[in-house]
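Encoded as structure tokens, the structure appears first; notes follow it.
2 protein chains.
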Amino acid sequence: MTANRVPPAQLAPQLRDAITRLNRRVRQARPVGDLTVTQLSALTSLRLAGALTPRELADVERVQPPTMTKIVAKLEERGLVQRTPHPTDGRQVILAATEGGRAVLDQFERARDEWLASRLAALAEDERDTLRRAAEILQQLARA
Amino acid sequence: MTANRVPPAQLAPQLRDAITRLNRRVRQARPVGDLTVTQLSALTSLRLAGALTPRELADVERVQPPTMTKIVAKLEERGLVQRTPHPTDGRQVILAATEGGRAVLDQFERARDEWLASRLAALAEDERDTLRRAAEILQQLARA
DNA sequence: CAGGCTCATTAGTTAAGCTAACGACTGTGA
DNA sequence: TCACAGTCGTTAGCTTAACTAATGAGCCTG
Numbered sequence: 001m002t003a004n005r006v007p008p009a010q011l012a013p014q015l016r017d018a019i020t021r022l023n024r025r026v027r028q029a030r031p032v033g034d035l036t037v038t039q040l041s042a043l044t045s046l047r048l049a050g051a052l053t054p055r056e057l058a059d060v061e062r063v064q065p066p067t068m069t070k071i072v073a074k075l076e077e078r079g080l081v082q083r084t085p086h087p088t089d090g091r092q093v094i095l096a097a098t099e100g101g102r103a104v105l106d107q108f109e110r111a112r113d114e115w116l117a118s119r120l121a122a123l124a125e126d127e128r129d130t131l132r133r134a135a136e137i138l139q140q141l142a143r144a
Numbered sequence: 001m002t003a004n005r006v007p008p009a010q011l012a013p014q015l016r017d018a019i020t021r022l023n024r025r026v027r028q029a030r031p032v033g034d035l036t037v038t039q040l041s042a043l044t045s046l047r048l049a050g051a052l053t054p055r056e057l058a059d060v061e062r063v064q065p066p067t068m069t070k071i072v073a074k075l076e077e078r079g080l081v082q083r084t085p086h087p088t089d090g091r092q093v094i095l096a097a098t099e100g101g102r103a104v105l106d107q108f109e110r111a112r113d114e115w116l117a118s119r120l121a122a123l124a125e126d127e128r129d130t131l132r133r134a135a136e137i138l139q140q141l142a143r144a
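Line order of the protein sequences matches chains X and U. Mapping of the first sequence onto UniProt numbering: residues 1 to 144, in sequence order. Mapping of the second sequence onto UniProt numbering: residues 1 to 144, in sequence order.
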């Protein structure tokens with residue numbers, strides 16, 4: 001029904017631009033608490049993965065281990081992250097989001113989604129359908 | 001051909017997740033020079049807008065004016081941004097990307113797009129078409 | 001034309017990132 | 001079995017980037 005032949009080299013800048021801009025907008029929907037972006041990101045990754053060692057979390061966040069030590073320390077102060085010793089390896093530590101940490105994340109995400117959802121509501125039905133299918137493809141791209 | 005009735009409240013988290021993740025991936029495609037993310041972002045906004053005062057640029061970047069003073073100072077040191085006095089208002093300053101600044105941006109964006117384009121090339125033709133239409137809608141959302 | 005406002009900057013503080021170095025622990029090879 | 005190389009997390013010390021508060025120059029209105 002629509003034009004085909006979409007050259008990747010032409011689509012890439014368009015899509016990148018759309019994504020970075022929208023990402024900024026979504027992030028601007030500022031949340032309640034006083035968590036920093038860094039802390040929020042680490043907590044999100046941690047919940048996503050379930051449980052990680054500091055090094056693993058540092059790798060995921062693309063940060064050096066000493067940096068992650070500080071981030072985790074702040075999150076632990078607030079009771080959002082829990083540290084437990086590794087069952088067999090005495091050097092390692094297991095990090096996990098606490099109940100409170102997950103609750104804080106839910107709060108943040110809801111705030112963001114509210115803005116986005118209100119925008120989406122203003123679209124036509126078929127536009128939303130396009131976005132739904134696009135979201136699946138984009139997630140697949142991000143995973144690759 | 002596909003299911004309709006896409007409730008915004010359900011699409012929002014999906015889309016947000018896809019966008020933030022892909023954005024991370026795109027940012028990870030690290031560039032050549034030694035520009036920081038902050039500087040890069042400011043320079044991008046500046047080129048996009050053409051010319052802005054420090055305050056306007058600070059607003060666009062969601063940063064306080066003193067912070068922008070420093071960012072601009074670094075960009076100016078490298079000759080990527082040019083400062084000219086405001087024609088009528090002696091308090092204000094006009095900022096603009098120099099030729100060199102635009103060249104640096106092009107370089108960065110090309111590096112990012114290469115990664116993305118290679119991923120896009122692996123998709124089916126109709127998937128790319130979905131993304132093309134989605135990109136337009138997303139840009140429209142970001143502008144809103 | 002005086003007072004209040006806006007603009008950009010300076011000063012000083014806090015957070016967040018890095019590298020280097022260290023202490024505890026693991027696990028392997030002689 | 002046990003010395004030693006390697007790993008893990010942390011500490012120490014530094015740089016960059018953000019903020020608020022305060023300052024000085026310039027504009028404009030009553």
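Where a beta carbon is used, it is the ideal one built from N, C-alpha and C, also for glycine.
Return helix, strand or coil for Val93/X, following the three-state DSSP convention.
Correct three-state label for Val93/X: strand.
With 16 as the cutoff for other CB atoms within 10 Å, does Ala18/X come out buried or exposed?
When all chains shown are included, Ala18/X counts as buried.
At least 3 beta-carbon pairs within less than 8 Å: the segment 78-96 of chain X vs the segment 125-144 of chain X
By the C-beta criterion, the segment 78-96 of chain X is judged not to be in contact with the segment 125-144 of chain X, since fewer than 3 inter-stretch pairs fall below 8 Å.
Would you mind working out which of Arg47/X, Asp34/X, Ser41/X and Val72/X sits nearest Pro54/X, comparing C-alpha positions?
Among Arg47/X, Asp34/X, Ser41/X and Val72/X, the Cα nearest to that of Pro54/X is on Val72/X.
By DSSP, does Ala135/U sit in helix, in strand, or in coil?
Reduced to three states, the DSSP call for Ala135/U is helix.
Do Arg112/U and Arg16/X count as a contact pair if the criterion is CB distance below 8 Å?
In this structure, Arg16/X sits near Arg112/U, with a CB-CB distance shorter than 8 Å.
Partner residues on chain U for Thr130/X, Cβ-Cβ distance less than 8 Å
Going along chain U in sequence order, the residues near Thr130/X (Cβ under 8 Å) are Thr130, Arg133, Ala134 and Ile137.
In chain order, what residues of the same chain have a beta carbon less than 8 Å from the beta carbon of Arg47/U, not counting five sequence neighbours either side?
Excluding sequence neighbours, Arg47/U sits near Ala97, Gly101, Arg102 and Leu105.
Within a Cβ cutoff of 6 Å, which residues of the same chain sit near Pro31/U, ignoring the five residues on either side of it in sequence?
Since pLDDT at Pro31/U reaches only 47, below the 50 mark, its modelled position is unreliable, and no value is offered.
Using a Cβ cut-off of 8 Å, pull out every chain X residue sitting near Val26/U, in sequence order please.
Neighbours of Val26/U on chain X, chain order: Arg16, Ile19 and Thr20.
Give me the Cα-Cα distance between Val81/X and Glu99/X, rounded to the nearest whole angstrom.
Rounded to whole angstroms, Val81/X to Glu99/X spans 9 Å at the Cα level.
Locate the alpha helix (DSSP H) running through Thr88/X, then write down its first and last residues.
Per DSSP, Thr88/X belongs to no alpha helix (DSSP H) and is neither H nor E.
Can the beta-carbon of Ala49/X be found less than 8 Å from the beta-carbon of Glu61/X?
The Cβ-Cβ distance between Ala49/X and Glu61/X does not fall below 8 Å.
Return the Cβ separation of Leu35/U and Pro8/X in integer angstroms, given the expectation that the two are a contact with Cβ distance under 8 Å.
Leu35/U to Pro8/X, Cβ: 26 Å. No contact.
Distance, Asp89/U Cα to Ala144/X Cα
Roughly 52 Å between the two C-alpha positions.
Residues of chain U with CB under 7 Å from Glu127/X, in chain order?
Near Glu127/X (Cβ distances below 7 Å), the residues of chain U are Ile137.
Top-ranked residue by Cα proximity to Leu75/U, from Asp59/U, Ser45/U, Gln92/U and Arg91/U:
Cα-wise, what sits closest to Leu75/U is Ser45/U.
At 8 Å on the CB atoms, spell out the chain X contacts of Glu77/U, in chain order.
For Glu77/U, there are no C-beta contacts with chain X under 8 Å, since the nearest C-beta of that chain is about 25 Å from it.
What residue does the alpha helix (DSSP H) around Gly79/U start on, and which one ends it?
From DSSP, Gly79/U is part of no alpha helix (DSSP H); its letter is neither H nor E.
Could you tell me which chain U residues have their CB closer than 7 Å to the CB of Asp113/X, listed as they occur along the chain?
The contacting residues are Ala12, Pro13 and Arg16.
In chain order, what residues of the same chain lie with their CB nearer than 7 Å to the CB of Gln39/U, ignoring the 5 residues before and after it?
Once the five neighbours on either side are set aside, the close Cβ partners of Gln39/U are Ile71, Lys74 and Leu75.
Just to make sure I have the definition right: I need the residues of chain U whose C-beta is within less than 7 Å of the C-beta of Leu141/X. Which are they?
Taking a Cβ-Cβ cut-off of 7 Å, the neighbours of Leu141/X in chain U comprise Leu22 and Arg119, given in sequence order.
So within the segment 5-81 of chain U, which uninterrupted alpha helix (DSSP H) runs reach at least 4 residues, ignoring any that extend past its ends?
If we require 4 residues or more, the alpha helix (DSSP H) runs fully inside the segment 5-81 of chain U come out as 8-28, 37-49, 54-60 and 65-77.
Buried versus exposed call for Ala12/U [16 or more other C-beta atoms within 10 Å across all chains shown]
Per the 10 Å Cβ criterion, buried.
Rounded straight-line distance, which links the Cα of Val26/X to that of Arg21/U
Note on geometry: alpha-carbon atoms of Arg21/U and Val26/X lie some 13 Å from one another.
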